[in-house]
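Asker: My questions all concern the structure below.
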Amino acid sequence: MRAIGRKLTDEELHAFAREGPVDALLALGVGEAKAFYERDFDRLLAEHADTLRVFEGVTSGMAELRAAGARLGIVTRQPRHRLALLVPPVVRELVDVLIARENVQRPKPAPDGIYLALQQLGKVPSERALFVGDTPHDIEAGRRAGVRVVGVSWGFCTREELAACGAEVCLNEPAEIGVRMLDYLNPKRRSEPVMERLLVGDP
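Written out as structure tokens, the structure reads:
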């Protein structure tokens with residue numbers, strides 16, 4: 001990595017998900033980490049945009065949820081100008097609401113983006129919502145918003161790390177995204193073991 005003059009280890013890359021890129025860069029001794037990140041992220045994103053792929057099974061699962069009557073949204077810490085590359089059309093057409101960094105005063109791990117999404121989705125009560133995420137910031141935001149939190153373990157964090165952050169359920173494979181996720185809104189499921197695997201086999 002150009003900022004530190006060497007290639008990052010797997011653990012250092014892992015820290016970008018756990019701590020966020022700016023904090024991770026600061027921990028690696030990068031001066032002016034925020035300015036570096038904001039300046040270089042757009043360039044690197046544009047250079048590598050053609051390599052970005054949606055995990056197989058995610059869009060079909062989202063379509064299945066919509067067909068069942070679920071309303072879908074995305075809450076991201078990324079600024080809106082990046083979303084044309086980060087959220088491809090096949091995903092955009094499946095979501096009803098997209099909350100970017102500019103839409104709220106406090107991004108994740110604050111719950112503001114989730115609150116706004118629930119409002120825009122039709123004043124959905126928090127107890128009737130699932131929030132899916134793959135980082136500690138996602139899990140914390142969901143818990144603070146009072147929604148049911150579902151972790152996904154195919155990012156940088158393991159299911160054990162997500163559980164330690166407070167994820168009530170963890171999906172192991174993108175193919176687990178789908179209508180059976182709605183079972184986790186059933187109050188009877190709340191007394192079942194944390195991290196129970198779904199029977200079917202997530203962005």
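Going by the UniProt record's numbering, the residue at position 165 of the sequence shown is 165; the numbering climbs one at a time, nothing skipped. Every residue, glycine too, gets a C-beta built ideally from N, C-alpha and C.
#1: Just checking my contact of Arg-71 with Gly-122 at CB under 8 Å: how many whole Å lie between their CB atoms?
#2: Going straight from the alpha carbon of Leu-65 to that of Glu-140, what length do you get?
#3: Between the C-alpha atoms of Val-95 and Ile-74, what's the straight-line distance to the nearest angstrom?
#4: Could you pull the start and end residues of the beta strand (DSSP E) that Arg-148 belongs to?
#5: Would you kindly check if the distance between the Cβ of Val-147 and the Cβ of Phe-131 is under 7 Å?
#6: For Ala-63 and Gly-31, what's the separation of their Cα atoms in angstroms?
#7: Below 7 Å between beta carbons: does that hold for Pro-136 and Gly-57?
#8: List the DSSP bridge partners of Ile-99.
#9: Distance, Cα to Cα, Leu-199 vs Arg-180?
#10: Give me the residue from Ala-145, Glu-93, Val-90, Val-91 with the minimum Cα distance to Ala-117.
#11: Can you pull the DSSP bridge partners for Leu-130?
#12: Under the three-state reduction of DSSP, which class applies to Leu-45: helix, strand or coil?
#13: Please classify Leu-85: does DSSP put it in a helix, a strand, or coil?
#14: Given this structure, state the Cα-to-Cα distance separating Val-194 from Leu-185, to the nearest angstrom.
#15: What are the residues that DSSP puts in a beta bridge with residue 206?
#16: Looking only at C-alpha atoms, which of Leu-98, Asp-134, Asp-138 sits nearest to Gln-119?
#17: Mapping DSSP to helix, strand and coil, what is Cys-165?
Answerer: Considering the structure as presented:
#1: 7 Å
#2: 24 Å
#3: 7 Å
#4: 148-152
#5: yes
#6: 44 Å
#7: no
#8: Val-75
#9: Any reading at Leu-199 is ruled out, since the residue's pLDDT is 29, under 50, leaving its predicted position unreliable.
#10: Ala-145
#11: Arg-148
#12: helix
#13: helix
#14: Note on Val-194: pLDDT 32, under 50, position unreliable in the model; the coordinate value appears next. Rounded to the nearest angstrom, the two C-alpha atoms are 14 Å apart.
#15: Nothing about residue 206 can be read from this structure; the chain reaches only from 1 to 203.
#16: Leu-98
#17: helix
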